[in-house]
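Novice: As they're listed, the protein sequences go chains W and A.
So the first sequence is residues 93 to 253, counted in this note's numbering.
So the second sequence is residues 132 to 289, counted in this note's numbering.
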Amino acid sequence: MGPETLIGEIRARLGPAVEGVADSFGDPVLVLRAADVRPALAALREPPFDYAVLLDLTCVDYAAGEGRFELVYHLYSLSRNVRLRLKASVPAADPAVGSLVGLWKNAEWLEREVFDMFGVRFEGHPYLRRLLTYEGFEGHPLRKSYPWRLEQPRIPMKGEG
Amino acid sequence: MSGFDFVATRLDTAIGWGRKFSLFHYPFVTACCGMEYMSTACAHFDIDRFGAGLTRFSPRQADLLLVVGTITHKLAPVLRTVYDQMLEPKWVIAFGACTVSGGIYRNYAVVQGIDKIIPVDVYIPGCPPRPETVLDGLLKLQDRIQRQKQDWRWARKP
Ligand code: SF4
């Protein structure tokens with residue numbers, strides 16, 4: 093299956109969930125509706141697409157506009173040796189998207205990391221806690237609105253207030 | 132010089148000599164500087180030549196704390212606990228730019244120099260420092276230990 097036919101097949105299968113298609117260094121990029129992320133990825137995991145590996149899951153903060161946070165998913169098909177990138181925008185006011193933990197085990201930590209750093213909620217995640225910072229940390233450090241020099245020490249520091 | 136001062140000075144020298152050649156170090160290794168620590172400890176550079184090579188992973192059996200690598204705010208309480216658990220007399224070497232000053236990391240996560248948490252005797256700069264630099268820092272610490280005065284409690288204070 094060539095790249096064009098593959099994209100055609102995916103679009104036919106996912107229907108209106110796909111909002112756009114792009115190309116990045118030879119690998120296809122699909123833009124999804126945020127509400128359809130979980131069912132769309134569940135479909136892509138099954139044959140004939142067979143994207144069995146969730147390589148990465150991360151987020152980008154574009155700081156301005158309605159769809160401020162963009163979630164980025166990287167999939168890989170072992171049987172056909174092709175990659176696929178998916179993007180979905182979520183609003184700044186209440187960023188939330190469906191969790192992938194039921195589909196891929198490694199999504200547990202990846203989603204906790206995105207939650208910790210960007211404050212995006214993953215609905216259906218079994219224990220959405222902070223991963224890299226500690227309980228009691230205020231704010232989400234990779235949001236562009238986080239003050240870039242703000243530190244929140246857990247123990248008192250000498251020579252500081 | 133009174134007779135007591137003479138004896139105390141000789142004892143200071145003897146104790147300092149003994150201590151500087153029996154440093155048991157606790158390596159608190161967190162990041163890339165750890166590789167430099169390993170090469171310093173291995174045969175080519177051989178930190179043991181200086182009587183400081185016995186690595187103990189128990190703070191109660193170590194008197195030299197080598198803080199090697201980036202210390203984050205999440206980790207800082209652990210470092211402080213390890214330091215508190217070490218018995219006196221104890222010394223601390225800050226190994227690498229990250230422990231000295233936070234290094235290249237000026238952000239929400241990294242402690243901007245471990246002297247904000249615990250006292251430091253010798254700072255070794257560099258990202259990472261060469262093993263020769265580390266050994267130089269170690270020799271400086273041994274020199275300080277040799278010249279350290281004991282607190283003879285019964286001696287007359289000036
Ligand atoms: S000083 Fe440089 S080499 Fe050492 S831990 Fe920091 S970043 Fe790594």
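Don't be surprised by glycine CBs; every beta carbon is placed ideally from N, CA and C.
Being a predicted model, the structure only gives us computed values, none of them experimental.
Look up Asp153(W) in the DSSP assignment and say whether it is helix, strand or coil.
Specialist: Taking the first residue of the first sequence as 1, we reach residue 153(W) at position 61. Three-state result, Asp153(W): strand.
Novice: Beta carbon of Pro259(A): closer than 7 Å to some heavy atom of ligand 1?
Specialist: Locating residue 259(A) in the second sequence gives position 128, where the first residue counts as 1. True, at least one ligand heavy atom lies under 7 Å from that Cβ.
Novice: When you compare the CB of Pro131(W) with every CB in chain A, is at least one pair closer than 8 Å?
Specialist: Mapped onto the first sequence, residue 131(W) falls at position 39. Chain A contact via Cβ: absent.
Novice: Specify the secondary structure class of Ala184(W) as computed by DSSP and reduced to three states.
Specialist: Here residue 184(W) is taken as the residue at index 92 of the first sequence, counted from 1. Three-state result, Ala184(W): coil.
Novice: Ignore the nearest five residues each way along the sequence and tell me which others in Gly257(A)'s own chain have a CB closer than 8 Å to its CB.
Specialist: As a position in the second sequence, residue 257(A) is number 126, starting the count at 1. Hits under 8 Å: Gly227, Ala228, Thr264.
Novice: For the region 120 to 136 of chain W and the region 177 to 185 of chain W, state whether three or more C-beta atom pairs, one from each stretch, are separated by less than 8 Å.
Specialist: Enough Cβ pairs lie closer than 8 Å, so yes.
Novice: Take Val121(W) and list the residues in its own chain whose beta-carbon comes closer than 6 Å to its own, dropping the five residues that flank it on each side.
Specialist: In the first sequence, the residue the question calls residue 121(W) occupies position 29. Around Val121(W): Ala114, Arg177.
Novice: Roughly how many angstroms lie between the CA atoms of Arg275(A) and Arg150(A), to the nearest whole one?
Specialist: Residue numbering aside, residue 275(A) sits at position 144 when the second sequence is read from its first letter. Residue numbering aside, residue 150(A) sits at position 19 when the second sequence is read from its first letter. Spanning the two alpha carbons is a distance of roughly 11 Å.
Novice: Does the structure place the region 149 to 169 of chain A close enough to the region 200 to 215 of chain A that three or more beta carbon pairs sit under 8 Å?
Specialist: Enough Cβ pairs lie closer than 8 Å, so yes.
Novice: Got a sec: is the Cβ-Cβ distance from Tyr239(A) to anything in chain W below 8 Å?
Specialist: What you label residue 239(A) is simply residue 108 of the second sequence in a count that begins at 1. True, the Cβ-Cβ gap to chain W drops below 8 Å.
Novice: Return the CA-CA distance between Ala144(W) and Asp252(A), expressed in angstroms with no decimal places.
Specialist: Here residue 144(W) refers to the residue found at position 52 of the first sequence. Here residue 252(A) refers to the residue found at position 121 of the second sequence. Answer to the nearest angstrom: the Cα atoms are 54 Å apart.
Novice: Under 8 Å by Cβ, that's how I've got Gly244(A) and Ile255(A) pegged, so tell me the actual separation to the nearest angstrom.
Specialist: Taking the first residue of the second sequence as position 1, residue 244(A) is located at position 113. Taking the first residue of the second sequence as position 1, residue 255(A) is located at position 124. Contact doesn't hold; Cβ gap of about 13 Å is too wide.
Novice: Under 8 Å between the Cβ atoms of Pro250(A) and Phe176(A)?
Specialist: In the second sequence, residue 250(A) corresponds to position 119, counting from 1. In the second sequence, residue 176(A) corresponds to position 45, counting from 1. Their beta carbons are not under 8 Å apart, which means Pro250(A) does not touch Phe176(A) by this criterion.
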